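Note that my numbering has the sequence shown beginning at 1203, numbered continuously upward.
No residue lacks a Cβ here, since even glycine has one placed at the ideal position from N, Cα and C.
Since the model is a prediction, treat every value here as computed from it, not as a measurement.
Taking it in order: structure first as C-alpha cells, then the write-up.
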Amino acid sequence: MKKTSPRLKIERKSSIENEPRTLTLDQLQYAREEALCVLSTKTIEEALNIFTEGLKPVPRARDDMDLDDNAEMVDCTEMELLNLPLLKRETVSAPF
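Laid out in C-alpha cells, this is it:
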C-alpha cells in the first residue's frame, strides 16, 4: 500500500487584494478641503512640512546601478524637451 503525503493547501489571493486601497469620492473631497484649510491658515513653510511629514524616499532600481564615468548630466527642462514627442500621444493609440 502506497502512503501519500498530505497535500499542502495553497491559498490564492487575487492580485487586486495586494493593491493599495483607493479613496472614496467623499474622502477625496474631505482631503481637498483640509488641504485648502492648511494652505489658507499656515505659511508656505509650515504647509510644506505638514504635507511632507513622514514621507520617505522611494528607492529606484537606477540608484543601484553604477553611473558611467562618461555619463552626461542633463537638467530636468532639457530632459522634458527631449521626451516631449513621446508624451504627446493620441489617446486612441494608448497601449491599454
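1. Check whether the Cβ atoms of ALA1249 and LEU1241 lie closer than 8 Å to each other.
2. Alpha carbon to alpha carbon, what distance is there between LYS1211 and LEU1238?
3. Is the beta carbon of LYS1258 sitting closer than 8 Å to the one on ILE1252?
4. If you reduce the DSSP assignment to three classes, tell me which class ARG1234 lands in.
Looking at the atomic coordinates:
1. yes
2. Distance between the alpha carbons of LEU1238 and LYS1211: 51 Å.
3. no
4. helix
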